[in-house]
Amino acid sequence: MKVLICEDDEMILKMVEFKMKREGYDVEVARNGKEAAEIISKRTFDLIITDLLMPYMTGLELINLARTKLKVTTPIIVLSKIGLEETVLKAFDMGADDYVVKPFSPSELSVRAKRLLNKE
Amino acid sequence: MKKILIADDDEFTQRILSRIIEQLGFEADLVNDGEQLLKNALKEHYLLIISDIEMPKKSGIEVIHTIRNDFPNSLKHVPVIALTGHKDSEYIKILLKEGFDGHISKPFSTKDIETCINETIEKLENPDHKEENGNGLNGINKLINLDRINEFAEGDEGFIKDIITVFIDNAPELIEIMEEALEKKDWEGIRQSSHKLSSQLSFLGADNLALMSEKLETLAKFQKGMDEVKDIVHIISESVKNLVKHLKSKNFKNQLK
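Here the protein sequences come in this chain order: A and B.
So for the first sequence, this note's numbering puts the first residue at -4; every next one is plus one.
So for the second sequence, this note's numbering puts the first residue at 2; every next one is plus one.
Below is the structure:
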């Protein structure tokens, strides 16, 4: 299973990458929305995990671009420090499949990832 | 042993406090800044030190770190009360975690000061309480909680060290960005740096500091309360620097093993 993790925070990126690799996923990383957009326009993934607040292109912009222009149907999990209903709804509205608020537990992330992948 | 040291750059506060203290039967020494406070506190055994947070030369936070970490053993446990204009409970929790023994909010009453002195004397006579205000390693253990990181690590100690190292490398940079943004009144810069910091701190289990950063992020988002923003940036900056210093220390590294 191939996962793309998009996160500009080095510490959180390391944590998520470590967990997903442990779970046996093939992991690729991007450090902002723009980099992630370029990657998903070239390669396909089974799952995309993205932060929201990032430089160059935000997570919301990335999801919007992926769903509308790039026609990517890969499940997307949002990781965000922002738990505001408004932001959560916006993310789902743009096409996110799940939303996890930081600081999440590794087991929660892993369970949510599996759930989305089994649906496929 | 009945002397109380007061540090405040505001003459008005100094006068009121010293009068109250003298009326209560104690002697008061007055200083105007953090450096003088440290000089005096090294020379004498005070019953109590009452210190402002925002002072010239050395802030109350820098002062408490120096006393708790660098003072000789006979002097480092002197009770120190923070004098602050804030009533925000997260702010006060951080002050206590940084090593203060209590706080007095401005404006204060004679009763507030009396209660504070009595409580201090009570604690000195009943040393059980001292444990609560442990500094050094104990203090830092309360400042962070590595449970979440441990959950990720699943026993891989190298991973925990990696994560701590990333924080040690990143955090001072974020603080610098935050301070620069504050100087330029760049709200967006403050918002972004506090957002990032609050994420990292929340994973490290530094809950009070994470909440404080979150509050800063909200204030910056709505661009309001510059005075409060200044104070919060200051306390976050000092606390994070202290946290990084401890994460780098041999004591902490040994504990990880």
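Where is the CB? At the ideal position from N, CA and C, for every residue including glycine.
Please read all numbers here as calculations on a predicted model, not as lab measurements.
Supposed contact pair residue j and residue i - C-beta distance, whole angstroms, cut 8 Å
i: aspartate 21 of chain A; j: methionine 49 of chain A; result: Rounded, the Cβ-Cβ distance is 22 Å, inconsistent with contact.
i: aspartate 53 of chain B; j: aspartate 89 of chain B; result: Contact doesn't hold; Cβ gap of about 17 Å is too wide.
i: phenylalanine 40 of chain A; j: leucine -1 of chain A; result: 5 Å
i: threonine 116 of chain B; j: leucine 49 of chain B; result: Their Cβ separation, rounded to whole angstroms, is 12 Å, which puts threonine 116 of chain B and leucine 49 of chain B out of contact at 8 Å.
i: alanine 182 of chain B; j: isoleucine 191 of chain B; result: 5 Å
i: leucine 6 of chain B; j: asparagine 41 of chain B; result: 6 Å
i: glycine 28 of chain A; j: threonine 69 of chain A; result: No, glycine 28 of chain A and threonine 69 of chain A are not in contact; Cβ-Cβ is about 15 Å, not under 8 Å.
i: leucine 257 of chain B; j: glutamate 152 of chain B; result: That belief does not hold up - the Cβ atoms of leucine 257 of chain B and glutamate 152 of chain B are roughly 16 Å apart, past 8 Å.
i: glutamate 91 of chain B; j: aspartate 232 of chain B; result: About 12 Å; that fails the 8 Å criterion.
i: leucine 65 of chain A; j: aspartate 93 of chain A; result: With a Cβ gap of about 19 Å, leucine 65 of chain A and aspartate 93 of chain A do not count as contacting.
With 16 other Cβ atoms within 10 Å as the buried cut-off, status of residue i
i: proline 80 of chain B; result: buried
i: asparagine 243 of chain B; result: buried
i: glycine 156 of chain B; result: exposed
i: lysine 216 of chain B; result: buried
i: aspartate 88 of chain A; result: exposed
i: threonine 111 of chain B; result: exposed
i: glycine 35 of chain B; result: buried
i: methionine 227 of chain B; result: exposed
i: leucine 84 of chain A; result: exposed
i: aspartate 170 of chain B; result: exposed
i: asparagine 209 of chain B; result: buried
i: serine 36 of chain A; result: exposed
i: glutamate 239 of chain B; result: buried
i: glutamate 99 of chain B; result: buried
i: aspartate 71 of chain B; result: exposed
i: histidine 196 of chain B; result: buried
i: histidine 46 of chain B; result: exposed
i: serine 75 of chain B; result: exposed
i: glycine 19 of chain A; result: exposed
i: serine 214 of chain B; result: buried
i: lysine 185 of chain B; result: exposed
i: asparagine 139 of chain B; result: With a pLDDT of 41 at asparagine 139 of chain B, under the threshold of 50, the modelled position of that residue is not reliable, and no figure is offered here.
i: lysine 14 of chain A; result: buried
Residue i - partner residues in DSSP beta bridges
i: cysteine 1 of chain A; result: A/Ala25 and A/Thr45
i: aspartate 140 of chain A; result: Because chain A spans -4 through 115 in this model, residue 140 of chain A falls outside it and cannot be assessed.
i: histidine 247 of chain B; result: Answer is none; histidine 247 of chain B lacks a bridge partner.
i: serine 106 of chain B; result: B/Thr85
i: alanine 8 of chain B; result: B/Val32 and B/Ser52
i: serine 75 of chain A; result: A/Val96
Whole-angstrom distance between residue j and residue i, CA atom to CA atom
i: serine 75 of chain A; j: valine 64 of chain B; result: 36 Å
i: phenylalanine 168 of chain B; j: phenylalanine 109 of chain B; result: 39 Å
i: isoleucine 17 of chain B; j: leucine 25 of chain B; result: 12 Å
i: threonine 85 of chain B; j: arginine 149 of chain B; result: 33 Å
i: threonine 319 of chain B; j: alanine 86 of chain A; result: Not covered by the structure: residue 319 of chain B. The range shown for chain B is 2 to 258.
i: histidine 78 of chain B; j: isoleucine 68 of chain B; result: 8 Å
i: serine 203 of chain B; j: threonine 166 of chain B; result: 16 Å
i: lysine 107 of chain B; j: aspartate 3 of chain A; result: 41 Å
i: glycine 90 of chain A; j: isoleucine 43 of chain A; result: 12 Å
i: glutamine 201 of chain B; j: methionine 6 of chain A; result: 7 Å
i: leucine 43 of chain B; j: glycine 103 of chain B; result: 21 Å
i: glutamate 123 of chain B; j: isoleucine 145 of chain B; result: 29 Å
i: lysine 3 of chain B; j: isoleucine 22 of chain B; result: 10 Å
i: glutamate 30 of chain A; j: isoleucine 236 of chain B; result: 35 Å
i: asparagine 113 of chain A; j: threonine 82 of chain A; result: 26 Å
i: alanine 261 of chain B; j: leucine 198 of chain B; result: In the structure displayed, chain B extends from 2 to 258; residue 261 of chain B sits before or after that span and is not available.
i: glutamate 12 of chain A; j: alanine 25 of chain A; result: 11 Å
i: lysine 94 of chain B; j: alanine 108 of chain A; result: 37 Å
i: leucine 8 of chain A; j: phenylalanine 27 of chain B; result: 56 Å
i: valine 106 of chain A; j: phenylalanine 99 of chain A; result: 12 Å
i: glutamine 224 of chain B; j: valine 234 of chain B; result: 14 Å
i: asparagine 127 of chain B; j: aspartate 46 of chain A; result: 50 Å
i: arginine 20 of chain B; j: lysine 59 of chain B; result: 25 Å
i: leucine 38 of chain B; j: isoleucine 72 of chain A; result: 53 Å
i: aspartate 113 of chain B; j: isoleucine 105 of chain B; result: 7 Å
i: valine 96 of chain A; j: glutamate 103 of chain A; result: 10 Å
i: proline 173 of chain B; j: phenylalanine 101 of chain B; result: 23 Å
i: proline 101 of chain A; j: leucine 96 of chain B; result: 31 Å
i: glutamate 180 of chain B; j: threonine 14 of chain B; result: 28 Å
i: tyrosine 51 of chain A; j: alanine 221 of chain B; result: 20 Å
i: isoleucine 164 of chain B; j: glutamine 193 of chain B; result: 21 Å
i: tryptophan 188 of chain B; j: isoleucine 77 of chain A; result: 18 Å
i: lysine 254 of chain B; j: histidine 247 of chain B; result: 9 Å
i: lysine 162 of chain B; j: lysine 16 of chain A; result: 18 Å
i: leucine 147 of chain B; j: alanine 83 of chain B; result: 28 Å
i: leucine 125 of chain B; j: proline 73 of chain B; result: 18 Å
i: leucine 205 of chain B; j: phenylalanine 160 of chain B; result: 13 Å
i: glutamate 12 of chain B; j: alanine 154 of chain B; result: 53 Å
Cβ-heavy atom distance, residue i to the ligand GTP, below 7 Å
i: isoleucine 21 of chain B; result: What this structure holds is no ligand at all, so the ligand GTP is not there to describe.
> Going along the chain, which unbroken runs of the beta strand (DSSP E) with 3 or more residues stay wholly within the stretch 17 to 73 of chain B?
Replying inline: Whole beta strand (DSSP E) segments, 3+ residues: 28 to 32 and 49 to 53.
> Along the chain, which unbroken stretches of the alpha helix (DSSP H) at least 4 residues long are found entirely within the stretch 202 to 239 of chain B?
Replying inline: The qualifying runs are 208 to 222.
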